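Asker: First to last, the protein sequences are chains B and X.
Just so we're aligned, residue 1 is where the first sequence starts under this note's numbering, counting upward by one.
Just so we're aligned, residue 1 is where the second sequence starts under this note's numbering, counting upward by one.
Cβ atoms here follow ideal geometry from the backbone N, Cα and C, with glycine treated the same way.
From a predicted model like this one, the values you see are computed outputs, not experimental measurements.
Protein chains: 2
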Amino acid sequence: MLTPSMEDYLEKIYELMKDKGYARVSDIASSLAVQPSSVTKMLQKLDEQQYVTYEKYRGILLTKTGERMGRSMKQRHGMLEELLRMLGISEEVLRGDVEGIEHHVSPQTVTQLQNLVSWFQTHPQYIEAFTKYRSEENGRRPTQTEDGNRAT
Amino acid sequence: MLTPSMEDYLEKIYELMKDKGYARVSDIASSLAVQPSSVTKMLQKLDEQQYVTYEKYRGILLTKTGERMGRSMKQRHGMLEELLRMLGISEEVLRGDVEGIEHHVSPQTVTQLQNLVSWFQTHPQYIEAFTKYRSEENGRRPTQTEDGNRAT
Ligand SMILES: [Mn+2]
Ligand SMILES: [Mn+2]
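(1) According to the Cβ coordinates, are E67(B) and Y22(B) closer than 9 Å?
(2) Please decide whether G66(B) counts as near chain X, where near means a Cβ-Cβ distance under 9 Å.
(3) Applying a beta-carbon distance threshold of less than 8 Å, which residues of chain B neighbour V105(X)?
(4) Which of helix, strand or coil does DSSP assign to G139(X)?
(5) So, using beta-carbon positions, are L84(B) and L87(X) closer together than 9 Å?
(6) Within 10 angstroms of the Cβ of G70(B), are there 16 or more other Cβ atoms? Answer buried if so, exposed if not.
(7) Just checking M73(B) against ligand 1 - is the residue's beta carbon closer than 8 Å to any of the ligand's heavy atoms?
(8) Kindly identify the DSSP beta-bridge partner or partners of V25(X).
(9) According to the neighbour-count rule (16 or more other Cβ atoms, all chains shown, within 10 Å of its Cβ), is K41(B) buried or exposed?
(10) Does DSSP put T40(B) in a helix, in a strand, or in coil?
(11) Roughly how many angstroms lie between the CA atoms of W119(B) and F130(X), to the nearest whole one?
(12) Candidates M6(B), K20(B), H104(B), R24(B): which alpha carbon is nearest L80(B)'s?
(13) Tell me the DSSP secondary structure of V105(B) in three-state form.
(14) If you draw a straight line from the alpha carbon of V110(B) to that of I28(B), how long is it in whole angstroms?
(15) Using DSSP's beta-bridge definition, name the partner residues of N52(X).
(16) Measure the alpha-carbon distance for G59(B) versus L10(B) and round it to whole angstroms.
(17) Taking only beta-carbon positions, decide if G88(B) is within less than 9 Å of chain X.
(18) Identify the contact partners of R134(X) in chain B, using a Cβ-Cβ distance below 8 Å as the criterion.
(19) I believe Y126(B) touches Y126(X) by the beta-carbon criterion, under 8 Å. Please report the beta-carbon distance rounded to the nearest angstrom.
(20) According to DSSP, simplified to helix, strand and coil, what is Y57(X)?
(21) Which full runs of the alpha helix (DSSP H) of 4+ residues lie inside the segment 83 to 135 of chain B, going along the chain?
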């Protein structure tokens, strides 16, 4: 069973491997904004559970399962971003939302949300109709206050 | 700033007040599956932050802010359930998803997801078109394995 933190690491390692061909402790640490010592600890844990193989002087490799999970985390992340973008959520806000939400959606829900995204992508008339609807609704609704409740 | 746990308590207290007119420590404890001593501790915290007023022998009252937040948590919870139900997610699965997701969606995203739910509710032709699309997609796709990846 992967914890949210393990999911974030696998996603990041997968991404670095795809982009640069290798993943170094220092790159993982800086892109997840954690200490190198935390990365080393997590790599040992991921190694024990056979998602990576990690040897101090030989580097990090994803196992077959590790690669599959990393890819799946990255796809899920991208799909959720795409969905919120379609809903008109701004980039900074959606980034935070996705980081929180992604670890809590079941595979079943991921599949159906992916279907929703693809449906909109392949049917511009529907995304257009929805966008029109939501801008009318936004115009009608009083502005939201900071805590998410409507101003009165 | 409300923590996920504080949000759950406010949602539950609001619900009990609406349903029964009062919220007792024992009812909160049993419906959140926690110890009464944890409830008491949380009530003190919520009282300090002025979401409830709590006196041991006089009971629990929501402040105006507490009531507003509780209602907002409950609406958000119900909206997310409705959304996943529309996507065809089964009741047990969606319950778990919503409990995890609800604390991580920004007010902006709540508003737009609510728009999406209302748009589908007020336009049966769109939900019909999407439902048709997703059952065709589900038929085409290989079954998912337990860890959320496609079987090969
Ligand atoms: Mn992520
Ligand atoms: Mn809830």
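Answerer: Straight from the coordinates:
(1) If you number the first sequence from 1, residue 67(B) lands on position 67. If you number the first sequence from 1, residue 22(B) lands on position 22. No.
(2) Residue numbering aside, residue 66(B) sits at position 66 when the first sequence is read from its first letter. Not one chain X Cβ lies under 9 Å of G66(B).
(3) Locating residue 105(X) in the second sequence gives position 105, where the first residue counts as 1. Correct list: D97, G100, I101.
(4) For the purposes of this step, residue 139(X) is taken as the residue at position 139 of the second sequence. In the structure shown, G139(X) sits in a helix (DSSP, three-state: H, G or I).
(5) To locate residue 84(B), count along the first sequence from 1; it is residue 84. To locate residue 87(X), count along the second sequence from 1; it is residue 87. Taking 9 Å as the Cβ cut-off, L84(B) and L87(X) do not qualify as a contacting pair.
(6) Counted from its first residue, the first sequence places residue 70(B) at position 70. G70(B) comes out buried.
(7) As a position in the first sequence, residue 73(B) is number 73, starting the count at 1. True, at least one ligand heavy atom lies under 8 Å from that Cβ.
(8) As a working note, residue 25(X) is residue 25 in the second sequence. DSSP lists no partner for V25(X).
(9) Taking the first residue of the first sequence as position 1, residue 41(B) is located at position 41. The residue is exposed, with fewer than 16 neighbouring Cβ atoms inside 10 Å.
(10) To locate residue 40(B), count along the first sequence from 1; it is residue 40. In the structure shown, T40(B) sits in a helix (DSSP, three-state: H, G or I).
(11) The residue you call residue 119(B) lines up with position 119 of the first sequence. The residue you call residue 130(X) lines up with position 130 of the second sequence. Taking the straight line joining both Cα atoms gives about 7 Å.
(12) For the purposes of this step, residue 80(B) is taken as the residue at position 80 of the first sequence. Per the Cα distances, H104(B).
(13) Locating residue 105(B) in the first sequence gives position 105, where the first residue counts as 1. Residue state, collapsed to three classes: coil.
(14) In the first sequence, residue 110(B) corresponds to position 110, counting from 1. In the first sequence, residue 28(B) corresponds to position 28, counting from 1. Their Cα atoms are separated by approximately 26 Å.
(15) The count along the second sequence starts at 1 and reaches residue 52(X) at position 52. Residue identity check: residue 52(X) is Val in the sequence provided, not Asn. For V52(X), which the question treats as bridged, DSSP gives the partners L62(X).
(16) Here residue 59(B) refers to the residue found at position 59 of the first sequence. Here residue 10(B) refers to the residue found at position 10 of the first sequence. Roughly 15 Å separates the two Cα atoms.
(17) Position 88 of the first sequence holds residue 88(B). Cβ-Cβ to chain X under 9 Å: yes for G88(B).
(18) Here residue 134(X) refers to the residue found at position 134 of the second sequence. Ordered by position in chain B, the residues that pass the 8 Å Cβ test against R134(X) are Q112, N115, L116, W119.
(19) Residue 126(B) sits at position 126 when you count from the first residue of the first sequence. Residue 126(X) sits at position 126 when you count from the first residue of the second sequence. Yes, Y126(B) and Y126(X) are in contact; Cβ-Cβ is about 6 Å, under 8 Å.
(20) The residue given as residue 57(X) occupies position 57 in the second sequence. Note: Y57(X) maps to coil in three-state DSSP.
(21) 91 to 101, 107 to 122
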